[in-house]
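Numbering (the working numbering), first residue to last: 9 to 415.
Below is one structure; the comments refer to it alone.
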């Protein structure tokens, strides 16, 4: 076990990886495997290459062949290193499109992540006769019921909605031989774990469970002992933060934050940025201020109507706006590859939150920048984050070399 005192407590459960060498780069330090090495269906291989994947990333190299054997997996890898494809590819490979039943269930904690994951599955299944469905709260239950009367092979969704449909007898999971828990630490939180536990009772006894996340609470051991069978442990996190992200802080008074943000906008070469606040009210107020300063800005938070959230997420991902202000709703697995700057307008209280926030930049080996606006009240949390993540957050210089976060 990792007992190093300056690592987060919630990583302590994981032993050193039994098969993974320490990485020089988060996605480039591979073993040299090719996707052809896994003997995948030619239609799936075609979609993989059409999506722009050239070679498997380290998490894909470790995960895909093990998942194809039917083994349970507990995998830790950094945000932005290819976890989604690491489980989508073996899931699609194992599905029999001639069998009219749900064979793979992918559980995620947020609606935005469900939509994004289902999109990846659909893109990878474009040449296969595999039907992918997404089901989340905040959308029409009637529409989901009607859709489930048609063939569905792979179901992506949030636990509450899937459990509701299953209890009603509409969603039949008796053929779901593979269950994926993405952002598994969140799915094992107090909010979701009771729902996940109930869902497992509807699954076949010989199901395969794959758990993926950048961080895991120590409580994962109890879940593992009860539900997983000799899981294969993958640990690609000798370091917690992405190597390509540079971290800075600026000490400011609360009333100076907007002025400081304006200065950052004028000096940084931002492709797209995500700006985090600690409350819904502050998100809306800051988005209004940014718009008044003359910059394009969207905002998103959990109290918005789902249709509105979907539209904002879709438009931002497609580059319709440069800046997005949000709460921690947006920290879980969301992949917008043009984002090269993350700004913590409000510094987070937990190291785990910081890790997931800054992981929105520097995706898949790209460079990124994290800028933290820190007040006197944040001094202790700044120290704690650096110690627990073993990460150096440096004082912001007068100018920042664009080569650190552009490219």
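By construction, the Cβ of each residue, glycine as well, lies at the ideal position given by its N, Cα and C atoms.
For the alpha helix (DSSP H) containing residue 95, list its first residue and its last residue. Taken as a continuous stretch (DSSP letters only), the alpha helix (DSSP H) holding residue 95 covers 91-102.
Would residue 288 pass as a contact of residue 307 if the rule is Cβ separation under 7 Å? Cβ atoms of residue 288 and residue 307: not closer than 7 Å.
Taking contact to mean at least 3 C-beta pairs separated by less than 8 Å, is the stretch 172-181 in contact with the stretch 191-202? Cβ pair count under 8 Å is below three, so no.
Span of the beta strand (DSSP E) holding residue 305? Boundaries of the beta strand (DSSP E) around residue 305: 305-308.
Quick check on residue 144 - is its C-beta less than 7 Å from some C-beta in chain B? No chain B appears in the structure shown, which is made up of a single protein chain.
Leaving out five residues on either side along the sequence, give the residues of the same chain with a beta carbon under 7 Å from the beta carbon of residue 314. Around residue 314: 119, 146 and 147.
Please work out which residues of its chain come closer than 8 Å, Cβ to Cβ, to residue 235, disregarding the five sequence neighbours upstream and downstream, and give them in chain order. Listed in chain order, the non-local C-beta contacts of residue 235 below 8 Å within the same chain comprise 208 and 217, local neighbours out to five positions each way being set aside.
Between which two residues does the beta strand (DSSP E) harbouring residue 255 extend? Note, residue 255: beta strand (DSSP E), 253-259.
If you run the structure through DSSP and keep just helix, strand and coil, what is residue 119? Under the three-state reduction of DSSP output, residue 119 falls in the helix class.
Between the alpha carbons of residue 156 and residue 176, how many angstroms are there, rounded? Distance from the CA atom of residue 156 to the CA atom of residue 176, rounded to whole angstroms, is 12 Å.
Going by Cα to Cα distance, which pick from 203, 53 and 412 is closest to residue 134? The shortest Cα separation from residue 134 among 203, 53 and 412 belongs to 53.
Between the stretch 156-173 and the stretch 61-78, do at least 3 Cβ pairs fall closer than 8 Å? The answer is no - the stretch 61-78 does not touch the stretch 156-173, with fewer than three Cβ pairs under 8 Å.
Terminal residues of the beta strand (DSSP E) in which residue 189 lies: DSSP places residue 189 in the uninterrupted beta strand (DSSP E) bounded by 186-190.
Tell me which residues share the same chain as residue 278 and place their Cβ nearer than 8 Å to its Cβ, disregarding the 5 neighbours each side in the sequence. Excluding positions up to five away in sequence, the list reads 330, 331, 348 and 349.
Residue 318 by DSSP, collapsed to three states: which one? In the structure shown, residue 318 sits in a helix (DSSP, three-state: H, G or I).
Among 221, 281, 312 and 316, whose alpha-carbon lies nearest the alpha-carbon of residue 305? Closest option to residue 305, Cα to Cα, is 281.
Using C-beta distances below 8 Å, list every residue in its chain close to residue 327, excluding the 5 sequence neighbours before and after it, in chain order. Correct list, in chain order: 280 and 346.
Can the beta-carbon of residue 171 be found closer than 7 Å to that of residue 206? Inclusion of residue 171 and residue 206 in the CB contact set at 7 Å is warranted, their separation being smaller than that value.
Cα-Cα separation, residue 357 to residue 90: So the alpha carbons of these two residues sit roughly 27 Å apart.
Please report how far the alpha carbon of residue 266 lies from the alpha carbon of residue 352, in whole angstroms. Between the alpha carbons of residue 266 and residue 352 lies a gap of roughly 12 Å.
Spatial neighbours of residue 56 within its chain, please: CB distance less than 6 Å, with the 5 preceding and 5 following residues excluded, ordered by chain position. Hits under 6 Å: 43.
Residue 258 to residue 334, Cα distance in whole Å? Using only the alpha carbons, I get a separation of about 20 Å.
Segment limits, alpha helix (DSSP H) that includes residue 206: Residue 206 -> alpha helix (DSSP H) spans 201-208.
For residue 219, which of helix, strand or coil comes out of DSSP? DSSP places residue 219 in strand when its eight states are reduced to three.
By Cβ distance below 7 Å, which residues in the same chain neighbour residue 138 in space, the five residues on each side in sequence not counted? Cβ neighbours of residue 138 beyond the five flanking positions: 100, 103, 105, 161 and 162.
As assigned by DSSP and simplified to three states, the class of residue 143: For residue 143, the three-state secondary structure derived from DSSP is strand.
Count the other CB atoms, across all protein chains shown, that sit within 10 Å of the CB of residue 165; report buried if there are 16 or more and exposed otherwise. For residue 165, the number of other beta carbons within 10 angstroms of its own is at least 16, and it is reported as buried.
Separation of residue 129 from residue 186, as counted between CA atoms: Residue 186 and residue 129: Cα-Cα distance of roughly 15 Å.
So, with DSSP's three-state summary, where would you put residue 334? Strand.
Hey, quick one: how far does the beta strand (DSSP E) through residue 284 stretch, first residue to last? Under the DSSP assignment, residue 284 falls in the beta strand (DSSP E) whose first and last residues are 280-284.
Spatial neighbours of residue 283 within its chain, please: C-beta separation below 6 Å, excluding the five flanking residues on both sides. 333, 351 and 353.
Using CA atoms only, rank isn't needed, just tell me which of 132, 83, 153 and 126 is closest to residue 141. In terms of CA proximity to residue 141, 126 leads the group 132, 83, 153 and 126.
Just the Cα atoms here: how many angstroms apart are residue 393 and residue 293? When rounded, the distance between both Cα atoms is 27 Å.
Would you kindly report the start and end of the unbroken beta strand (DSSP E) that includes residue 163? Segment 162-165, the beta strand (DSSP E) holding residue 163.
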